[in-house]
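Undergrad:
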Amino acid sequence: MYALLKSNRTNVRPLLNYHQPYELLIANILLEHCSYNEVNAVTKKLYKKYQSIIDFAYCNLESLEVDIDRIENYKQKAQNIIQACSIIINDYKSVLPVSHDDLIKLPGIDTDSANMMLSEIYNIPFVILDNHIMRIVKLLKFTRNDDLIKIRADIAEIFDEKIWTKVTYLISEHGEQVCIEIEPKCEKCILNQLCPSSSV
Ligand code: SF4
């Protein structure tokens, strides 16, 4: 499955766009209950206006709210962005902590956001769950569990640790483009010969 999804791909990246580590932090804060496309559309302009973690930490809250008001729960997320960036500056000398426990204490950051940051920035392999992945691993019968910890463990057991992060990025992208929740495109799916849930 990994080889099929990875075929014709030179670079496997997260679906959140970013250039600097603090930008990945902000994108993850914005992501809750939103799609990757919604977040990327907002951050494209946001990263041009606010060009450093200091710009975010010391910005005007009302202005930031306007800049992200297409995002669900934008008022709370604007506060979380300012607080998280202030904590990174004051407690971690402007460098994202390498500790999972420290990352999930930041406002708006959950386990999978922390896992993505550790994988991307510090090259530590993690299984990173999102709604696409949790749905598709069930269609592929990789898990029967609903519990997030058990789903991560099931995926981790199937794949080599070195590719955990890439596998989850590829499945997530597959969920955006092919195995779409409302109408999976099984006839076009590269996995349709392997997938127990295929309709073709
Ligand atoms: S065959 Fe259909 S259900 Fe299975 S992964 Fe592909 S699109 Fe999803």
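So in numbering that gives the first Met the number 0, spot 129 of the sequence shown is number 128, and the numbers just go up one at a time. Ideal Cβ placement from N, Cα and C applies to all residues, glycine included.
Below 8 Å CB to CB, which residues in the same chain sit around Q78 once its five sequence neighbours on both sides are set aside?
TA: Result list for Q78: L60, P106, in chain order.
Undergrad: Which of helix, strand or coil does DSSP assign to K140?
TA: It is coil, neither helix nor strand.
Undergrad: With burial defined as no fewer than 16 other Cβ atoms inside 10 Å of the residue's Cβ, what is the status of H173: buried or exposed?
TA: Result: buried.
Undergrad: Just to confirm, is the Cβ distance from N27 to I108 under 8 Å?
TA: Yes. Within cutoff.
Undergrad: So, for T164: in the same chain, excluding its five sequence neighbours on each side, which residues have a beta-carbon less than 7 Å away from its beta-carbon?
TA: Result list for T164: S118, P124, F125, I127, in chain order.
Undergrad: Taking the alpha carbon of K76 as the reference point, which residue from K47, K149, K44, V38 has its own alpha carbon closest?
TA: Nearest option by C-alpha distance: V38.
Undergrad: Taking 7 Å as the cut-off, is the C-beta of N191 nearer than that to any heavy atom in the ligand SF4?
TA: Checking every heavy atom of the ligand SF4 against the Cβ of N191, one is found closer than 7 Å.
Undergrad: Is it true that the region 6-26 meets the region 36-50, where meeting means three or more beta-carbon pairs spaced less than 8 Å apart?
TA: The region 6-26, when compared against the region 36-50, does touch it at the 8 Å Cβ threshold.
Undergrad: The ligand SF4 heavy atoms versus the CB of V94: any closer than 7 Å?
TA: Not under cutoff, so the answer is no.
Undergrad: Taking the alpha-carbon of I70 as reference, which of C33, S196, N10 has the nearest alpha-carbon?
TA: Per the Cα distances, C33.
Undergrad: Alpha carbon to alpha carbon, how far is T167 from L95?
TA: Cα-Cα distance, rounded: 22 Å.
Undergrad: Can a CB atom of chain D be found closer than 8 Å to the CB of L4?
TA: Here there is only one protein chain, and chain D is not present.
Undergrad: Just to confirm, is the Cβ distance from F55 to I81 under 8 Å?
TA: Yes.
Undergrad: Would you identify the three-state DSSP class for D66, choosing helix, strand or coil?
TA: Correct three-state label for D66: helix.
Undergrad: Count the other CB atoms within 10 Å of the CB of I181; is the residue buried (16 or more) or exposed (fewer)?
TA: Looking at its Cβ environment, which holds fewer than 16 other Cβ atoms inside 10 Å, I181 is exposed.
Undergrad: Just to confirm, does I135 get its C-beta within under 7 Å of one of the non-hydrogen atoms of the ligand SF4?
TA: True, at least one ligand heavy atom lies under 7 Å from that Cβ.
Undergrad: So S196 packs on L138, CB below 8 Å; how close in whole Å?
TA: Sure, about 4 Å apart at Cβ, within 8 Å.
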